[in-house]
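**Q** Dropping the structure in here first, questions after.
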Amino acid sequence: MKKFLFLISIVLTSFSFAQQGASSPYSFYGIGSLKFKGTVENQSMGGISVHSDSIHINLRNPAAYAGQNLKSFNNEARPIKYTVGGSQSQITLKGDSSTEKSSISSLDYLAIAVPLGKFGAGFGLIPYTSVGYKLQSFNSDEILQYKYRGEGGLNKVFLGLGYQLSQNFRVGIDASYNFGNIINTNIAFGYNDEGELLQYQTREINRSDLGGLSYNFGLIYNKLLKPDFEFTASATYSPSSNLTSKNKRIFSSIVTDLNTNQEAALNSIDVDLNAVGLDATELKLPSKSSIGFGFGAPRKWFAGIDYTFLKASQFTNRLIVVDNSTYDDASAISVGGFYIPEFDSFSKYWKRITYRAGIRFENTGLKINDQLIKEFGISFGVGLPVGRIFSNANIGLELGKRGTTNANLVEENFVNFQLSLSLNDRWFEKLRFN
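Going by numbering that gives the first Met the number 0, the sequence shown opens with residue 0, and the numbers climb by one from there.
Here it is as C-alpha cells:
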C-alpha cells in the first residue's frame, strides 16, 4: 500500500507533463500522435511485447497478468507488481531551409498487477495520443498567411484480467475508457493593398471533448523445449471502436503581437454546430492486431520479433478534414531482446543487470502530399536491481527518425530518454507456527 501511495503521488506531481506529451507537426492530423502502449522494458527492446515474466508488467498483452506461482515464494503466489514510467525527448525538426529544436517531458504510464490464483488483474493509466504542434503557412511571396497550434490528447484508464488456462496457455482481456480533449487553433492574417498587416485578425478555435470504450484481447503460449531453452508466442487483437466527440467552434476577431505571440480577443461568436450536425460526432478508432515469437533461456536471455497491423484506413473525423492528408493501413515490425549475465549473483552487481536492445520499423499509415510518413527507432536499455524481491529501475534510450523533407514536409530526429520503476512485493504470506 505504501508503494501504491508513492506511485499515486508521482502521478499527481507529473500529470501536467502527461498533457504536454508531443511536440510534432504530425500530431496535427487525426487525434494526434499515437503513444507507445508499453513499459520502458518493452521500449528498450524495440517495442516487442512477446516477452513476459513474473516480475514485470506487460501492458501490451492482458494475458500476461496471469501466471504460475514462483518457487522462490514457496510456490504460494506471484508478487504484486507496481510500475510507473516517464520520458524526456529531444526533437530536431528539419525542413527544406530551416531547423528547430524542442524538448518534451511526459508521464507515460502508471499500472498495478495483482495475482489472484490462476487469475491475474491489472489496472492503470496511460496516455493514448498526444497533440502538440505550432505551424505557420506562408504564401509564394513568403508572407505569413496562417498560424496553427494544437494541444491535448487522449488518455486511457484500463482494467485487465488474465487467466492461466494450462501450464502453457494464458488468455486475457482488458477494457479501457478513453477520455480527453483536443484543441486546435487557426489564425488567419490579412493585409492591405500595401502589404501591411491589418489591425485585426481572425481566429478559429475547435475543441473536441472525447470519450469511449475500447477492448484488447490477448493470448500467450510458453513451452520449455529444454531445461534452458523456451519458446514463446503471443497475439493480441483490439476490435475497432467508436469515440463520442462533443465539439465546440469559436470565431474571434483578435489583436495579435507577432513578436510576443500574445493574443487579445475583441469579440467572439460560438458557431451553432448543431445546425450542421457537428455538435456531437463519432470518431472510429481502427482495429489493431499483433503477433510475436521468441526464444530464450529463462532468467538468462531472450530474443523476439513482433509484427503489428493497424487498420488506420478506418479512421474518421468529421469535424476537421485536411485536404492533403489520408490514412492507409499501418504496420510495424520490432526485433529485440535482453541478456542477464547471472541473475542470482551475490558478489558482482553488474552480473545481475539486465541489458536490453532492439530496433523497429513503422509505417504510420498517415499520408501527406502523397508521402507516407514512416518511423524508425533503435533502442538500448538496462534494468538495475534495487531493493528486494526483484524490484528494479529501468533506463532506456531510443534514437530515431520520423517523416521526410520531401514534398515540403518535416523530418523529425528524436532522442528519447526513458526511466521507470518496477516494484514487486509479497501479496500475502502464509502464517506458520512451530
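In this text, a Cβ means the ideal position worked out from N, Cα and C, and glycines have one as well.
For phenylalanine 250, count neighbouring C-beta atoms within 10 Å of its own C-beta (all shown protein chains included) and say buried if the count is 16 or more, exposed if not.
**A** Exposed, by the Cβ-count rule.
**Q** Please specify which runs of the beta strand (DSSP E), each continuous and at least 3 residues long, are wholly inside the region 36-98, giving them in chain order.
**A** Segments of the beta strand (DSSP E) lying fully in the region 36-98: 79-93.
**Q** Leaving aside the five residues before and after glycine 46 along the sequence, list all residues of the same chain whose C-beta is less than 6 Å from its C-beta, in chain order.
**A** Counting only Cβ-Cβ distances below 6 Å, and skipping sequence neighbours, we find Ser333, Arg359.
**Q** Beta-carbon separation of asparagine 412 and lysine 133 under 8 Å?
**A** Result no, Cβ atoms of asparagine 412 and lysine 133 do not sit closer than 8 Å.
**Q** Can you tell me whether DSSP reads glycine 20 as helix, strand or coil?
**A** Confidence is the limiting factor: at glycine 20 the pLDDT is only 49, short of 50, which leaves the residue's position unreliable, though a coordinate-based value still follows. Glycine 20: coil per DSSP, three-state reduction.
**Q** Leucine 309: which of Lys287, Tyr326, Thr325, Gly295 sits nearest, CA to CA?
**A** Leucine 309 has its Cα closest to that of Lys287, out of Lys287, Tyr326, Thr325, Gly295.
**Q** Please return the same chain residues whose Cβ sits closer than 7 Å to the Cβ of serine 51, not counting the five positions on each side in sequence.
**A** For serine 51, where only same-chain residues beyond five positions count, the Cβ hits under 7 Å are Asn57, Asn60, Ala63, Ile219.
**Q** Do serine 419 and glycine 84 count as a contact pair if the criterion is CB distance below 8 Å?
**A** Yes, the pair counts as a contact, with Cβ atoms nearer than the cut-off.
**Q** By how many angstroms is the C-alpha of asparagine 393 removed from the C-alpha of glutamine 417?
**A** Looking at the two C-alpha atoms, the distance is approximately 8 Å.
**Q** Apart from the five residues on each side of it in sequence, which residues of its chain come closer than 6 Å, Cβ to Cβ, to asparagine 423?
**A** Excluding positions up to five away in sequence, the list reads Ile54, Pro78, Lys80, Ile388, Phe389, Ser390.
**Q** Exposed or buried, which one is glutamate 40 when buried takes at least 16 other CB atoms within 10 Å?
**A** Burial call: buried.
**Q** Taking only the alpha-carbon atoms, compute the straight-line gap between arginine 355 and arginine 148 and give it to the nearest angstrom.
**A** The straight-line gap from Cα to Cα measures roughly 37 Å.
**Q** Quick one: what does DSSP say arginine 202 is sitting in, helix, strand or coil?
**A** If DSSP states are grouped into helix, strand and coil, arginine 202 belongs with the strands.
**Q** Under a three-way DSSP split, which group does tyrosine 348 fall into?
**A** Helix, per DSSP.
**Q** In this structure, how does DSSP classify valine 270 when only helix, strand and coil are distinguished?
**A** Coil.
**Q** Is it right to say glycine 179 is buried, meaning 16 or more other beta carbons lie within 10 angstroms of its own, or is it exposed?
**A** Looking at its Cβ environment, which holds 16 or more other Cβ atoms inside 10 Å, glycine 179 is buried.
**Q** Let's test the definition: count the other Cβ atoms within 10 Å of the Cβ of tyrosine 127 and tell me whether it reaches 16, buried, or not, exposed.
**A** With 16 or more Cβ atoms within 10 Å of its Cβ, tyrosine 127 is classed as buried.
**Q** Cβ of arginine 401 within 8 Å of Cβ of tyrosine 28?
**A** No, the pair does not count as a contact, with Cβ atoms beyond the cut-off.
**Q** Helix, strand or coil, according to DSSP, for glycine 161 in the structure here?
**A** The answer is strand: DSSP assigns glycine 161 an E or B state.
**Q** Just to check my reading of the structure: asparagine 246 and leucine 272 have Cβ atoms closer than 8 Å, yes? What is that Cβ distance to the nearest angstrom?
**A** Confirmed, Cβ separation roughly 6 Å.
**Q** Does the distance from the CB of serine 289 to the CB of alanine 234 come in under 8 Å?
**A** A contact, by the Cβ cut-off of 8 Å.
**Q** Rounded to whole angstroms, what is the Cα-Cα separation between alanine 302 and phenylalanine 230?
**A** Each residue's alpha carbon lies about 10 Å from the other.
**Q** Rounded to a whole number of angstroms, what is the C-alpha to C-alpha distance between glycine 293 and leucine 224?
**A** Rounded to the nearest angstrom, the two C-alpha atoms are 12 Å apart.
**Q** Alpha carbon to alpha carbon, how far is serine 105 from glycine 20? Give it in angstroms, no decimals.
**A** Its pLDDT being 49, under 50, glycine 20 is placed unreliably in this model, and the value from its coordinates should be taken loosely. The alpha-carbon atoms of glycine 20 and serine 105 are separated by roughly 5 Å.
**Q** In the DSSP assignment, what are the bridge partners of serine 390?
**A** According to DSSP, serine 390 bridges with nothing at all.
**Q** Counting C-beta neighbours from all protein chains within 10 Å, is the total for threonine 259 16 or more, i.e. buried, or is it exposed?
**A** The residue is exposed, with fewer than 16 neighbouring Cβ atoms inside 10 Å.
**Q** What are the boundary residues of the beta strand (DSSP E) that serine 289 is part of?
**A** Run containing serine 289: 287-296, per the beta strand (DSSP E) assignment.
**Q** Consult DSSP for tyrosine 104 and reduce its assignment to one of helix, strand or coil.
**A** Sequence inspection shows serine at residue 104; the tyrosine mentioned does not correspond to that position. In this structure, serine 104 counts as strand in the three-state DSSP scheme.
**Q** Quick check on glutamine 166: does DSSP put it in helix, strand or coil?
**A** In the structure shown, glutamine 166 sits in coil (DSSP, three-state: anything other than H, G, I, E or B).
**Q** Need the endpoints of the beta strand (DSSP E) that glutamine 135 sits in, please.
**A** Note, glutamine 135: beta strand (DSSP E), 118-137.
**Q** Kindly indicate which three-state DSSP category leucine 422 falls into: helix, strand or coil?
**A** Three-state result, leucine 422: strand.
**Q** Can you tell me which of the three DSSP states phenylalanine 230 falls into?
**A** Looking at phenylalanine 230 - three-state DSSP - the assignment turns out to be strand.
**Q** Helix, strand or coil for phenylalanine 27, going by three-state DSSP, please let me know.
**A** Three-state DSSP puts phenylalanine 27 in a helix.
**Q** Any chance you could list the beta strand (DSSP E) runs of at least 3 consecutive residues sitting entirely within the region 354-408, in chain order?
**A** Correct list: 370-384, 391-402.
**Q** Return the residue from the list Gly119, Asp208, Leu284, Ser239 that minimises the CA-CA distance to leucine 277.
**A** The option with the nearest alpha carbon to leucine 277 is Asp208.
**Q** Please go through the same chain and pick out, in chain order, the residues whose beta-carbon is closer than 7 Å to the beta-carbon of glutamine 370, but skip the five residues on each side of it.
**A** So the list reads Thr403, Asn405, Ala406, Leu408, once near-sequence residues are dropped.
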